[in-house]
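Contents: one structure, followed by commentary.
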Amino acid sequence: MQQKFIPGIYNYCDRWCERCTFTGHCRNYESTGKLSPEQLDINNKAFWETISSYFQKTIEMLHEAAGKYGIDLVMNKEEEKAYHEHQSFIDTSAKKHLLSKLCKQYQKLILPFLKQNDSDLVDTTRALTQHPDPGIIEEADLIHTVAGMSDCYEIIQWYVYFIDAKLQRALHGKSEGEEWEEENGYQKDSDGSARIALMAVEKSMAAWVRLYELLPASTDIILNALVLLQQLQQAVNIEFPKAMLFKRPGFDG
Ligand code: SF4
Numbered sequence: 003m004q005q006k007f008i009p010g011i012y013n014y015c016d017r018w019c020e021r022c023t024f025t026g027h028c029r030n031y032e033s034t035g036k037l038s039p040e041q042l043d044i045n046n047k048a049f050w051e052t053i054s055s056y057f058q059k060t061i062e063m064l065h066e067a068a069g070k071y072g073i074d075l076v077m078n079k080e081e082e083k084a085y086h087e088h089q090s091f092i093d094t095s096a097k098k099h100l101l102s103k104l105c106k107q108y109q110k111l112i113l114p115f116l117k118q119n120d121s122d123l124v125d126t127t128r129a130l131t132q133h134p135d136p137g138i139i140e141e142a143d144l145i146h147t148v149a150g151m152s153d154c155y156e157i158i159q160w161y162v163y164f165i166d167a168k169l170q171r172a173l174h175g176k177s178e179g180e181e182w183e184e185e186n187g188y189q190k191d192s193d194g195s196a197r198i199a200l201m202a203v204e205k206s207m208a209a210w211v212r213l214y215e216l217l218p219a220s221t222d223i224i225l226n227a228l229v230l231l232q233q234l235q236q237a238v239n240i241e242f243p244k245a246m247l248f249k250r251p252g253f254d255g
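Residue numbering for the sequence shown follows this note's numbering, beginning at 3 and increasing consecutively.
What follows is the structure, encoded as structure tokens:
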């Protein structure tokens, strides 16, 4: 039973479990799959009780490991001050980075568009059903078109914050230094995070291209979104040139 899980697979996936083919090999899916709807609802008390119990278990494991390896987990005042200054420097540098700025521009551009999602779908369905030549739109075509639009919206929506979050992790990891991984022949977490962000960018671009065909009235915003994603893709490849060489556990062998 232990071997069926692929270690760390959930660190470099897109967290879209509904569309994942590795659910049977993912410990994260196994543990969250057993949770009740209340435990998965962020507004429910049961959700926070579950988080709290996980947190408690993690703290206990951390103390056990620290005791085993003789590590003092308590920082003195000077160490704490130096830590906060360092973190603050890293946070500020990441926020000012071109990648963060492009992510914010992309979000600002497309979030209002996504909010219109439902009304666009209704308008398109109405326009198609009221076509002057009723025979020209078959029911199957109509269903296909509306389903296609809905799928594109879903993809774009899923990744809009995900790309930013993964790039923040990549930038933070790079700033904190990954010399140990490099010296010991391990892959860098920052490259893995950048890789999954690049994949999310590509999937978003594919969804926008499909929408371009389905929504001729929205070509301006679609082209602008594609330009920003293209810029983002180039900038990620420059900042993390080895990202696409990163082998994600399970997904890339
Ligand atoms: S690996 Fe698949 S099942 Fe596991 S968390 Fe990621 S998307 Fe979900």
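Don't be surprised by glycine CBs; every beta carbon is placed ideally from N, CA and C.
These figures come from a predicted structure and were not determined experimentally.
Practice prompt. Report yes or no: do three or more beta-carbon pairs, one from the region 104-111 and one from the region 172-182, lie closer than 8 Å?
Written response: No, because fewer than three Cβ pairs between the region 104-111 and the region 172-182 fall closer than 8 Å, the two stretches do not touch.
Worksheet item: Which word fits L225, buried or exposed, when buried means at least 16 other C-beta atoms lie within 10 angstroms of its C-beta?
Response: So L225 counts as exposed.
Discussion item. Tell me which residues share the same chain as Q233 and place their Cβ nearer than 7 Å to its Cβ, disregarding the 5 neighbours each side in the sequence.
Written reply: L104
Item to complete: Would you check whether the ligand SF4 has a heavy atom nearer than 7 Å to the C-beta of Y56?
Response: no
Worksheet item: Just to confirm, are S220 and I158 a CB contact at a threshold of 8 Å?
Response: no
Worksheet item: Based on Cα-Cα distance, which residue from N45, E20, K47 and I44 lies nearest to G35?
Response: E20
Worksheet entry | Contacts around G10, its chain only, beta-carbon distance under 6 Å, and the 5 residues preceding and following it disregarded | Cβ neighbours of G10 beyond the five flanking positions: P251.
Worksheet item: When DSSP labels each residue in this structure, what does L116 get in the three-state scheme?
Response: DSSP places L116 in helix when its eight states are reduced to three.
Discussion item. Taking its Cβ as the centre, do 16 or more other Cβ atoms sit within 10 Å of R171, making it buried, or is it exposed?
Written reply: buried
Discussion item. Here's a check: name, in chain order, each residue in its chain whose Cβ is nearer than 8 Å to the Cβ of A196, leaving out the five neighbours to either side.
Written reply: K168, L169, A172, V238, E241, F242, A245 and F248
Worksheet item: Looking only at its own chain, which residues have a Cβ that is under 7 Å from the Cβ of M3, when we skip the five neighbours before and after it?
Response: Residue placement at M3 is poorly supported in this model, since its pLDDT is 47, which falls under 50; the coordinates still yield a value, given next. Same-chain partners within the cutoff: there are none.
Discussion item. Once the 5 residues before and after I8 are set aside, which same chain residues still bring their CB inside 6 Å of it?
Written reply: Within the same chain, I8 has close Cβ partners H27, P251 and G252.
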